[in-house]
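Counting with our numbering, you get residues 9 to 139 for the letters of the sequence shown. Encoded as structure tokens, the structure appears first; notes follow it.
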Amino acid sequence: MTESGKYILVVEDNDLNYQLVEAILAKTGCTVARAVNGQEAIEMARKHVPLLIYMDIQLPLLDGLSATRILRGTPETQVVPIIALTALAMKGDEEKALAAGCDGVLTKPISPKLLREVTQRYLSPSASPLV
Ligand code: MN
Numbered sequence: 009m010t011e012s013g014k015y016i017l018v019v020e021d022n023d024l025n026y027q028l029v030e031a032i033l034a035k036t037g038c039t040v041a042r043a044v045n046g047q048e049a050i051e052m053a054r055k056h057v058p059l060l061i062y063m064d065i066q067l068p069l070l071d072g073l074s075a076t077r078i079l080r081g082t083p084e085t086q087v088v089p090i091i092a093l094t095a096l097a098m099k100g101d102e103e104k105a106l107a108a109g110c111d112g113v114l115t116k117p118i119s120p121k122l123l124r125e126v127t128q129r130y131l132s133p134s135a136s137p138l139v
């Protein structure tokens, strides 16, 4: 992780899921850091504020929705984009993620194309939020 905090934080407890996401993001030239539970995610994000957070929902110690609510209530991380990564295909889960403060939701299995598009959208300084 860089001292400047210019990195993407991926919160994912499953090794294979993390490796998939990390491989896709690494190709875009981004620096990636991993947290394996919601508590670690909050500690890392407070120490070095990331540019973007991909947040798994089902996590040990502190789940992704709870972690998102806490990050939204923390001044330093209030406006950091958070995209939920959810394996839960139920329609209500997307609404729950958005209600918790997530900016968007990607459903597993993760589409590499969508992941790249979302990453570029949130990292581009000229990107329109309505694209
Ligand atoms: Mn999980």
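C-beta: ideal position from N, C-alpha, C; glycine also. Bear in mind the structure is a predicted one, so any value in this text is a computation, not a measurement.
Asked                                                                                                                                                               : Found
Should N22 be counted as a contact of ligand 1 given a C-beta to heavy atom distance under 6 Å?                                                                     : yes
From this set, D23, Y130, C110 and L59, which residue's C-alpha is nearest T39's C-alpha?                                                                           : L59
Under the three-state reduction of DSSP, which class applies to V126: helix, strand or coil?                                                                        : helix
Can you tell me whether E20 is buried or exposed, with buried defined as 16 or more other CB within 10 angstroms of its CB?                                         : buried
According to DSSP, which residues form a beta bridge with D64?                                                                                                      : L93
Pick out whichever of P117, G81, N22 and R124 has its Cα sitting closest to the Cα of A108.                                                                         : G81
Can you find the residues in the same chain that come closer than 7 Å, C-beta to C-beta, to L17, ignoring five residues on each side of it along the sequence?      : A41, A43, A49, M52, A53, P58 and I61
Just to confirm my understanding: we take L69, look at its own chain, exclude 5 residues before and 5 after, and list those with CB closer than 7 Å. What are they? : N45, G46 and Q47
So, for L73: in the same chain, excluding its five sequence neighbours on each side, which residues have a beta-carbon less than 7 Å away from its beta-carbon?     : I65, K104, A105 and A108
If you measure from the CB of D64, is any heavy atom of ligand 1 nearer than 6 Å?                                                                                   : yes
If you draw a straight line from the C-alpha of E125 to the C-alpha of P117, how long is it?                                                                        : 16 Å
Quick one, which of N22, T94 and K14 has its alpha-carbon nearest L119's?                                                                                           : Before going further, note that residue 119 is Ser rather than Leu in the sequence given. The shortest Cα separation from S119 among N22, T94 and K14 belongs to T94.
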